[in-house]
Amino acid sequence: MKIFVYAEQENGKLLTVVSELLGEARRLAKSAGIDTEISTILLGSQVTGLTNELISLGADKVYLADSPELEIYSNQTYSKLVTHIIKQQDPDIFLVGATAKGSELAPTVGCQLCTGVAAHCVELKLSPEGRLIQVVPSFGGKVMGEIICPNNRPQMATIKPGVLEKSSEDRKNRHGQVINIDTRDVLKDFISQITPIEVNYEPPKGKPLETAEVVIAGGWGIGSKEDWKMIEQLAEALGAAVGCTRPAVDEGWAPGEHVMIGTSGKTIKPKVYIGIGISGATHHICGMKDSGIII
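Heads up: the sequence shown begins at 69 in the numbering used here, then just goes up one per residue.
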């Protein structure tokens with residue numbers, strides 16, 4: 069069996085979700101009970117140094133495309149390269165982090181490969197027949213649905229950062245293989261309709277949700293933008309991060325989707341979680357259920 073993981077990086081650093089996906093790939097390989105090869109796909113500019121880190125985290129092979137033209141992410145270019153590699157190697161399973169870029173890349177690749185993608189999975193497991201069972205919240209979070217892709221390959225799933233445990237492997241002396249991809253050859257007949265020029269990024273204000281020890285989250289029950297100020301004031305007083313549910317974003321009360329918690333937002337594990345005006349729908353609970361103290 070072959071399992072592939074998309075190794076997303078940002079400014080030359082691997083995202084934490086990559087370690088989580090590699091850990092899950094190892095767990096799936098162990099449960100399969102058969103010889104399994106785990107590979108990663110790494111794209112970017114001046115990212116060759118990350119190959120050793122991927123191998124130490126559990127990758128047997130790293131498919132590397134390192135080129136100046138990949139410095140700025142472009143879904144058209146990146147999906148072309150990923151699809152090329154997947155078609156050549158024909159893996160059984162392909163895992164992608166459900167980040168902003170991963171959530172765009174995965175369905176594009178899935179479409180090009182004529183296979184399905186289960187998005188924002190909260191659990192992965194193998195059936196006795198070796199099929200990937202992808203668990204996602206369904207019907208407004210009231211039930212957990214199990215999705216399979218019985219006929220097409222690879223079986224693709226996206227998983228949000230923080231849902232899975234990080235890889236327990238971190239062996240610097242691990243050996244693996246690096247396969248260099250000639251981007252000029254793959255992209256020679258490809259004409260992108262988008263030319264990235266530069267990236268302007270303004271870091272979000274406040275404490276980041278992922279690392280905060282205390283999180284104050286507000287939902288629809290807050291009632292208004294005026295009352296939402298209470299959430300921000302309380303968070304500031306406690307030195308906490310601000311979180312929210314989808315309705316608070318839709319109403320324009322919360323700063324934006326970057327503070328949304330749940331299946332379509334972020335997964336957090338703070339020491340203390342305080343929820344105000346939140347009904348407790350499964351879609352939100354999935355993102356904070358592993359918090360230490362829940363109020």
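By construction, the Cβ of each residue, glycine as well, lies at the ideal position given by its N, Cα and C atoms.
Would you give the residue range spanned by the beta strand (DSSP E) that residue i belongs to?
i, result
"Lys70", "Lys70 to Tyr74"
"Lys193", "Glu191 to Leu194"
"Ser107", "Glu105 to Gly112"
"Tyr146", "Segment Asn143 to Gln157 is the alpha helix (DSSP H) holding Tyr146; no beta strand (DSSP E) there."
"Gly343", "Val340 to Ile344"
"Val177", "First-last for Val177: Gly170 to Leu181, but that is the alpha helix (DSSP H), not the beta strand (DSSP E)."
"Pro323", "Pro323 -> no beta strand (DSSP E), and no H or E assigned at all."
"Met212", "Val211 to Ile215"
"Leu200", "Leu200 to Ser206"
"Leu90", "Element bounds for Leu90: not the beta strand (DSSP E) but the alpha helix (DSSP H), Thr84 to Ala100."
"Ala305", "Note, Ala305: premise wrong, no beta strand (DSSP E); alpha helix (DSSP H) at Lys293 to Leu306."
"Leu138", "Looking at the DSSP string, Leu138 is not in any beta strand (DSSP E), and its letter there is neither H nor E."
"Ile284", "Val282 to Gly286"
"Val310", "Ala309 to Cys312"
Would you grab the beta carbon distance between residue i and residue j for me? Rounded to a whole angstrom, and I think it's under 8 Å.
i, j, result
"Asp295", "Gln223", "Rounded, the Cβ-Cβ distance is 45 Å, inconsistent with contact."
"Ile227", "Gly178", "Rounded, the Cβ-Cβ distance is 15 Å, inconsistent with contact."
"Ala225", "Leu163", "6 Å"
"Ile290", "Ala308", "No, Ile290 and Ala308 are not in contact; Cβ-Cβ is about 16 Å, not under 8 Å."
"Leu83", "Thr167", "7 Å"
"Asp103", "Thr116", "Rounded, the Cβ-Cβ distance is 28 Å, inconsistent with contact."
"Ser124", "Lys240", "5 Å"
Are the beta-carbon atoms of residue i and residue j separated by less than 9 Å?
i, j, result
"Thr176", "Asn143", "yes"
"Leu149", "Ile109", "yes"
"Val283", "Met328", "no"
"Ser195", "Ile216", "yes"
"Glu139", "Gln114", "yes"
"Lys129", "Ile247", "yes"
"Leu277", "Gly244", "no"
"Gly360", "Lys334", "no"
"Pro229", "Thr331", "no"
"Ala285", "Thr313", "yes"
"Val231", "Glu88", "yes"
"Leu90", "Gly126", "yes"
"Pro323", "Lys273", "yes"
With a 10 Å radius around its C-beta and 16 neighbouring C-beta atoms as the bar for buried, classify residue i as buried or exposed.
i, result
"Glu304", "exposed"
"Phe258", "exposed"
"Cys182", "exposed"
"Glu233", "exposed"
"Val267", "exposed"
"Glu121", "buried"
"Ile336", "buried"
"Arg94", "buried"
"Glu92", "buried"
Could you tell me whether the Cβ of residue i comes closer than 9 Å to any Cβ of chain C?
i, result
"Ser147", "Among the chains in the structure shown there is no chain C, since it carries only a single protein chain."
According to DSSP, which residues form a beta bridge with residue i?
i, result
"Asn368", "The displayed coordinates of the chain run from 69 to 363. Any statement about residue 368 would go beyond what the structure contains."
"Val231", "Val231 pairs with nothing; no bridge assigned."
"Leu163", "Val73 and Ala225"
"Glu78", "Lys81"
Could you pull the start and end residues of the alpha helix (DSSP H) that residue i belongs to?
i, result
"Ile353", "Thr350 to Ile353"
"Glu121", "Thr119 to Ser124"
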